[in-house]
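Chemist:
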Amino acid sequence: MMITACGSMSWLWPIISPPADYDQEAEDCAARIRQFSRIPVSTLLHLGSGRGHLDRRLQQHFTVTGVDCSPSMLNLARTLNPAVRYLLGDMRNGRLKESFDAALIADSIDYMLDESELLQAFVTVFTHLRPGGVFLTYAEMTSELFQQNRTTHSVHRQGSLEVVMVENSYDPDPSDTRFDSTFIYLVRRDGSLEIMHDRHQVGLFPRQTWGKLLCVAGFDLVREELCQEVLYLAGVRPI
Ligand SMILES: C[S@@+](CC[C@H](N)C(=O)[O-])C[C@H]1O[C@@H](n2cnc3c(N)ncnc32)[C@H](O)[C@@H]1O
235 MMITACGSMS WLWPIISPPA DYDQEAEDCA ARIRQFSRIP VSTLLHLGSG
285 RGHLDRRLQQ HFTVTGVDCS PSMLNLARTL NPAVRYLLGD MRNGRLKESF
335 DAALIADSID YMLDESELLQ AFVTVFTHLR PGGVFLTYAE MTSELFQQNR
385 TTHSVHRQGS LEVVMVENSY DPDPSDTRFD STFIYLVRRD GSLEIMHDRH
435 QVGLFPRQTW GKLLCVAGFD LVREELCQEV LYLAGVRPI
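My numbering applies: residue 235 is where the sequence shown begins, and numbers increase by one.
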């Protein structure tokens with residue numbers, strides 16, 4: 235038996251989280267963008283575009299520009315979506331010399347660890363949006379909904395490979411704005427077991443912080459809605 239910390243586990247993700255699993259989320263995002271925008275939407279800036287799983291479907295609705303700070307994630311996204319433009323950049327301070335009709339930061343917003351980073355990301359979006367354009371984001375966790383040591387698991391199979399993923403949420407310091415999301419993977423193949431683990435620090439903010447910072451960045455808050463424990467937010471750059 236092997237126990238492996240972090241390292242290269244990117245090969246596991248297409249098994250745990252295949253691109254098609256993101257189709258409904260992408261359709262929901264596209265519908266919300268069209269619902270709240272005050273201008274016709276043709277171009278979309280997607281910050282923290284990751285492996286491009288959402289873009290696979292979003293590109294059917296918009297001309298997508300994906301930005302991510304990880305070269306390896308960008309390479310995976312380029313392979314999946316050759317027609318999408320992908321650029322290296324940081325959502326906290328990256329600047330492109332162009333504007334977009336709409337912008338999205340999906341689960342990648344989790345990586346903003348304090349209020350100043352969250353505001354920086356919102357300002358980046360504001361800077362790149364046309365007047366009347368909409369910004370959509372969502373918080374998968376808020377301080378109000380956080381449960382210490384919440385632990386879930388899921389089972390994934392591909393051929394003779396079976397992966398059990400256990401996810402634990404733990405906040406070592408409730409006075410700050412972050413918590414640990416720790417993953418343990420039990421990887422079984424042909425009678426062998428390998429145990430891997432991976433730890434992410436992610437942001438944790440009270441619900442009202444999200445709307446407050448969107449307004450500080452300059453947006454009109456047009457939607458703030460809790461839906462199945464996910465807080466959806468839409469802000470429009472005033473015309
Ligand atoms: C969970 S993945 C996003 C997956 C994505 N929703 C998809 O459809 O494939 C999170 C991504 O956020 C990116 N990220 C984290 N911090 C970032 C930052 N400051 N600027 C840009 N990208 C960032 C990571 O590199 C990673 O690719």
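Cβ coordinates follow ideal geometry from the N, Cα and C atoms, glycine included.
Predicted model only: the values in this text are computed from it and were never measured.
(1) Starting from the C-beta of SER304, find all residues in its chain whose C-beta is less than 6 Å away, skip the five residues before and the five after it, and write them out in chain order.
(2) To test your reading of the DSSP string, which unbroken alpha helix (DSSP H) runs of 4 or more residues are found completely within the region 339-371?
(3) Could you give the DSSP three-state label for GLN392: helix, strand or coil?
(4) Only counting the same chain, and skipping five residues up and downstream in sequence, which positions put a Cβ closer than 8 Å to that of HIS387?
(5) Taking the straight line between their C-alpha atoms, what separation do you get for GLU350 and ASN315?
(6) Is it right to say LEU288 is buried, meaning 16 or more other beta carbons lie within 10 angstroms of its own, or is it exposed?
(7) What span of residues does the alpha helix (DSSP H) with VAL450 cover, start to end?
(8) Determine, using beta carbons only, whether VAL298 and LEU278 come nearer to each other than 8 Å.
(9) Shortest alpha-carbon distance to GLN462 belongs to which of PRO472, ASP424 and ALA373?
(10) Closer than 7 Å by C-beta to ILE250: which residues in its own chain qualify, once you throw out the five before and the five after it? Chain order, please.
(11) Could you give the distance in angstroms between the alpha-carbon of ALA317 and the alpha-carbon of LEU292?
(12) How far does the beta strand (DSSP E) with SER283 in it reach, from first residue to last?
(13) Over the uninterrupted alpha helix (DSSP H) stretch that includes PHE270, give me the two end residues.
(14) Report back the beta-carbon spacing between ARG285 and ALA311 to the nearest angstrom; my notes put them in contact at under 8 Å.
(15) Using the Cα positions of PHE296 and SER276, report the straight-line distance between them to the nearest angstrom.
(16) GLN269: which of MET325, LEU353 and PHE369 sits nearest, CA to CA?
(17) Please name the residue in GLY437, PRO440 and LEU395 whose C-alpha comes closest to that of LEU420.
(18) If we count the other Cβ atoms within 10 Å of its Cβ and call it buried at 16 or more, is MET236 buried or exposed?
(19) Can you tell me whether SER342 is buried or exposed? The criterion is at least 16 other CB atoms within 10 Å of its CB, across all chains shown.
Modeler: Reading off the structure:
(1) none
(2) 349-362
(3) strand
(4) VAL398, MET399, VAL400 and GLU401
(5) Just to set this straight, residue 350 is Ser in the shown sequence, not Glu. Answer to the nearest angstrom: the Cα atoms are 32 Å apart.
(6) buried
(7) 441-451
(8) yes
(9) ALA373
(10) HIS390, VAL397 and MET399
(11) The straight-line gap from Cα to Cα measures roughly 12 Å.
(12) No beta strand (DSSP E) holds SER283; DSSP gives it neither H nor E.
(13) PHE270: member of the alpha helix (DSSP H) spanning 257-270, first to last residue.
(14) 6 Å
(15) 5 Å
(16) PHE369
(17) The residue from GLY437, PRO440 and LEU395 with its alpha-carbon nearest to that of LEU420 is LEU395.
(18) Confidence at MET236 is low in this model, with a pLDDT of 37, below 50, so the placement of that residue should be treated as unreliable; the coordinate-derived value is given next. Exposed, by the Cβ-count rule.
(19) buried
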